[in-house]
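Below you'll find the structure, written out as structure tokens, and then a few comments.
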Amino acid sequence: MNDLVNTFSEVNNLGRLIRGMREARGVSVNDLVRATGLSRSMISKFERGQTDIQLSSMIKIFSAMSLTLDELMSCETI
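The opening residue of the sequence shown carries number 700 in my numbering; numbering runs sequentially from there.
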């Protein structure tokens, strides 16, 4: 059960980190919807840590924001 709690915490942290980077880059949720084809609801829930996201969807988000894994890894947790 502890692993499940840790996994949820990491998903929550990643979603908040992506949201912070999106906002810092001036990218709106609607911009991501148009660029990725993902639903607004799914993006919002991911950013709030309410749902997990598939790797393929995360790659679409990274691409839409011109975000590299190196940039993501070098950011501090929000």
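Positions of the beta carbon are idealized from the N, C-alpha and C atoms, including for glycine.
Look up V726 in the DSSP assignment and say whether it is helix, strand or coil. DSSP places V726 in the coil class of the three-state scheme, outside both helix and strand.
Is the separation between the beta-carbon of R721 and that of M764 shorter than 7 Å? In this structure, R721 lies near M764, with their beta-carbon atoms less than 7 Å apart.
Give the secondary structure of I717 by DSSP, where H, G and I count as helix, E and B as strand, and everything else as coil. Helix.
Local conformation of T767 per DSSP, three classes: DSSP places T767 in coil when its eight states are reduced to three.
Could you tell me if G725 is buried or exposed, where buried requires 16 or more neighbouring beta carbons within 10 angstroms of its beta carbon? G725 comes out exposed.
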